[in-house]
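Residue numbers (this note's numbering), protein chains in the order written: chain A, 104 to 281; chain B, 3 to 196.
Below you'll find the structure, written out as structure tokens, and then a few comments.
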Amino acid sequence: MSVAALHQEHLARMGQQVASAQAGDVLACVGLGSCIGLALIDRRASVAGLAHIMLPSSPAAGQPNGKHADYAVPALLEEVLALGGARHRLDAVLVGGAAMFTFGGSTDGGGAQIGARNDEAVRTELQKLRVHVRAEATGGTRGRTMRVRVADGTVVFKEAGGAEVELFSNALPLRAAA
Amino acid sequence: MSLYTDLQLDALRELANIGSGQAAASLSTLLGKPTDISVPTAAALPLADAVAIAGEPEEERHGILVPIIGDMSAAVVLLVPEEDAHTLCSVYGLDPHSEDGRSMLQEVGNILGTSYINVLAQMTGMDLEPAPPQVVHDMLGAILASVLIGRGEDIDVALVLDSNITVEGEACSMSFLLLPENGGVEDLLGRLGL
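Laid out in structure tokens, this is it:
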């Protein structure tokens, strides 16, 4: 195996999900604004998945897809379980959901900003699936990039102009099985 | 995936050409220096590609958003790389990261956005008005994604009208985007009889 293949980065673009059980892989969401990057991690099995979620809920009409939290969260869980992750060992990490701009007088009707709504929708779906959120860097007004190291489940993120911050570490004790 | 005909895209490109030409002329007046524009592109792109149109998503830009309200909802976005923002602000002896520098970028957005949409309004007979500009310094991908879906609009494809404005004799150029909301494009084309 080549060195390049040992450190392969898999990018989850808007509305997409990636997952891996290859120890050398890194999963990434680049330039998250109001979108949420959701990582589901089984550190013991070295399996991780990452979804780049754009909107809270699927429209009444049309094909459900990975853009929407209500579809993307269960779909990501399914993929992580299929790769050998165990539901009771999963840790969820959330990054994104910023409000970089305000859109006055538009179709948001003065309601909550889309970033905050995305955040809430992802949490609601996780609760339904009984997966715990173990770390988060959400809200605020800055864009973020996140990376997940499959080998040990470490999650790092960085804001524009900032340094990389370790958000979720393999130094944390593994959770006892519920 | 082709939402628009070639004829429609040609018409939109011509709108962008005239609009950004007017914007460049306004910038020239503001700076007292000649400006130039590239031939605009008009394309209906999948969202992830639309976000990548102006560069790598992780590159940082000064982003100036001018929301457009009225008969059509849209956004004018100026994307200025760090060095170019310094050049732009240095004309008035300002730093783009200072309060005054940000005000200047905001004013540049205001002047360019307003002249652009005045042209659109004249050509289409639409009633269009700029909302106050907002300035951020952030990742390109985060800026564009937040503008494109920040209103919670559920879209797969975004129409992007993109041109480049260069200040002659200065190492200063910026991307200039018009991003109409989906329903707005139909209205716009309707007004043009297409």
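Built from N, CA and C at the ideal position, the CB exists for glycine as well.
Between the stretch 104–115 of chain B and the stretch 36–50 of chain B there are fewer than three C-beta pairs closer than 8 angstroms, too few to call the two in contact. Counting C-beta atoms within 10 angstroms of its own C-beta, residue 167 of chain A has fewer than 16 neighbours from the protein chains shown and is therefore classed as exposed. Each residue's CA atom was taken as its position, placing residue 118 of chain A and residue 190 of chain A some 23 angstroms apart.
Within the stretch 62–106 of chain B, the complete beta strand (DSSP E) segments of 3 residues or longer fall at 62–72 and 76–82, listed in chain order.
Rounded to the nearest angstrom, the gap between the Cα atoms of residue 66 of chain B and residue 136 of chain A is 15 angstroms. Contact of residue 87 of chain B with chain A is not assigned, every C-beta pair being separated by 9 angstroms or more.
Residue nearest to residue 130 of chain A within the set A:273, A:233, A:259 and A:264 is A:259 (criterion: CA-CA distance).
Just measuring C-alpha positions, the residue of B:152, B:126, B:112 and B:141 sitting nearest residue 25 of chain B is B:112.
Inter-residue distance for residue 13 of chain B and residue 68 of chain B is about 23 angstroms (C-alpha atoms, whole angstroms). Sequence-distant Cβ neighbours of residue 225 of chain A in its own chain, meaning closer than 7 angstroms and more than five residues away, are 139, 141, 156, 172, 176 and 197. Within the stretch 40–63 of chain B, those residues whose Cβ lies closer than 7 angstroms to any Cβ of chain A are, in chain order, 49, 50, 53, 59, 60 and 62. At a beta-carbon threshold of 7 angstroms, the residues of chain B lying near residue 133 of chain A are 59, 60 and 143, ordered along the chain. The beta carbon of residue 140 of chain A does not come within 9 angstroms of any beta carbon belonging to chain B, so the residue lies off that interface.
Around the CB of residue 201 of chain A, 16 or more other CB atoms lie within 10 Å, so the residue is classed as buried.
Across the set B:83, B:119 and B:145, the C-alpha of B:119 shows the shortest separation from the C-alpha of residue 133 of chain B. Contacts between residue 156 of chain A and chain B, judged by CB atoms closer than 7 angstroms, are missing: the closest CB pair is about 11 angstroms apart.
Counting C-beta pairs closer than 8 angstroms gives fewer than three between the stretch 260–268 of chain A and the stretch 171–178 of chain B, which falls short of the contact rule.
By the CB criterion at 9 angstroms, residue 154 of chain B and residue 158 of chain A fall inside the cutoff.
Residue 262 of chain A is bridged by DSSP to A:247. Using a Cβ distance threshold of 9 angstroms, residue 120 of chain A and residue 111 of chain A do not count as a contacting pair.
By the CB criterion at 9 angstroms, residue 29 of chain B and residue 177 of chain B fall outside the cutoff. In this structure, DSSP gives residue 116 of chain B a helical state, which the three-state scheme calls helix.
DSSP places residue 187 of chain B outside any beta strand (DSSP E); the residue lies instead in the alpha helix (DSSP H), whose first and last residues are 184–193.
When the alpha-carbon of residue 116 of chain A is set against those of B:45, B:60, B:165 and B:82, the nearest one is in B:60. In this structure, residue 195 of chain A and residue 237 of chain A form a Cβ contact; the two beta carbons are roughly 6 angstroms apart against a cut-off of 8 angstroms. The C-beta of residue 113 of chain B comes no closer than 9 angstroms to any C-beta of chain A. The beta-carbon separation of residue 74 of chain B and residue 190 of chain B, rounded to 6 angstroms, stays under the 8 angstroms limit for a contact. DSSP places residue 151 of chain A in the uninterrupted beta strand (DSSP E) bounded by 150–156. Every alpha helix (DSSP H) of 4 residues or more that sits fully in the stretch 157–210 of chain A is shown, in chain order, as 172–185. By the neighbour-count criterion, in which a residue is buried when 16 or more other Cβ atoms sit within 10 angstroms of its Cβ, residue 38 of chain B is exposed. Within chain B, no residue has its beta carbon less than 7 angstroms from that of residue 260 of chain A; the closest one is some 12 angstroms off.
Within the stretch 141–172 of chain B, the beta strand (DSSP E) runs of at least 3 residues that lie entirely inside it are, in chain order, 159–169.
For chain A, the residues of the stretch 64–77 of chain B that bring a beta carbon within less than 9 angstroms of one of its beta carbons are 65, 67, 69, 71, 75 and 77, in chain order.
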